[in-house]
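Residue numbers (this note's numbering): 657 to 796.
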Ligand SMILES: Nc1ncnc2c1ncn2[C@@H]1O[C@H](COP(=O)(O)OP(=O)(O)O)[C@@H](O)[C@H]1O
Ligand SMILES: [Mg+2]
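Following this line, the structure appears as structure tokens:
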């Protein structure tokens, strides 16, 4: 059987709508009958990645590939890029501005959570060009 591919657009600058794509993915994964723990982890990964694209990169797109053994989530944006990935991965590090902070974002826990909830995470980023985050979650 071929993999199921899901695609989502994420609008930039809309912190009220942020999280919509991950909610949609979660519903689809539930309909597929995947294990709740797998759905929970995939949803956290995608939610945090989606929020990052909204806050830090003016939106982007998400491709989700649901295979027999693995869910692959790839978030691509054309934002500012991440100058120091090691620093960005530190718990509590955030460059979020006041507007995002006033809405409760910017705790600096998104990337660490994505790392923890995925089995594999890769960040490809170039300053001034954009960022692609690829995460894999094993199904069994
Ligand atoms: N898609 C992205 N584009 C540019 N910078 C990003 C992106 N995702 C994360 N970052 C950078 O990494 C930092 C840490 O991200 P994260 O752990 O999610 O914390 P937070 O989003 O709360 O700031 C962000 O503050 C930002 O500087
Ligand atoms: Mg974040």
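Here a beta-carbon is modelled for each residue, glycine too, at the ideal position from N, C-alpha and C.
Remember, it's a predicted structure, so these values are computed and weren't measured experimentally.
- Between ligand 1 and residue 671, a heavy atom-to-CB distance of less than 6 Å is absent.
- Proximity to residue 705 across 795, 694, 777 and 796 peaks at 777, based on C-alpha coordinates.
- If you look at residue 755, you'll find it in the alpha helix (DSSP H) that goes 754-758.
- The C-beta of residue 687 has fewer than 16 other C-beta atoms within 10 Å across all chains shown, which makes the residue exposed.
- For residue 662, the enclosing beta strand (DSSP E) starts and ends at 660-667.
- Judged by the Cβ position, residue 712 qualifies as a neighbour of ligand 1 at the 6 Å threshold, a heavy atom of the ligand being closer than this.
- Within 10 angstroms of the beta-carbon of residue 712 lie 16 or more other beta-carbons, which makes it buried.
- Beta-bridge pairing by DSSP links residue 789 to 731 and 779.
- Here the C-alpha atom of residue 684 lies approximately 10 Å from the C-alpha atom of residue 722.
- Burial state of residue 660 is exposed, judged by a 10 Å Cβ sphere holding fewer than 16 other Cβ atoms.
- Rounded to whole angstroms, residue 756 and residue 740 show a C-alpha spacing of 21 Å.
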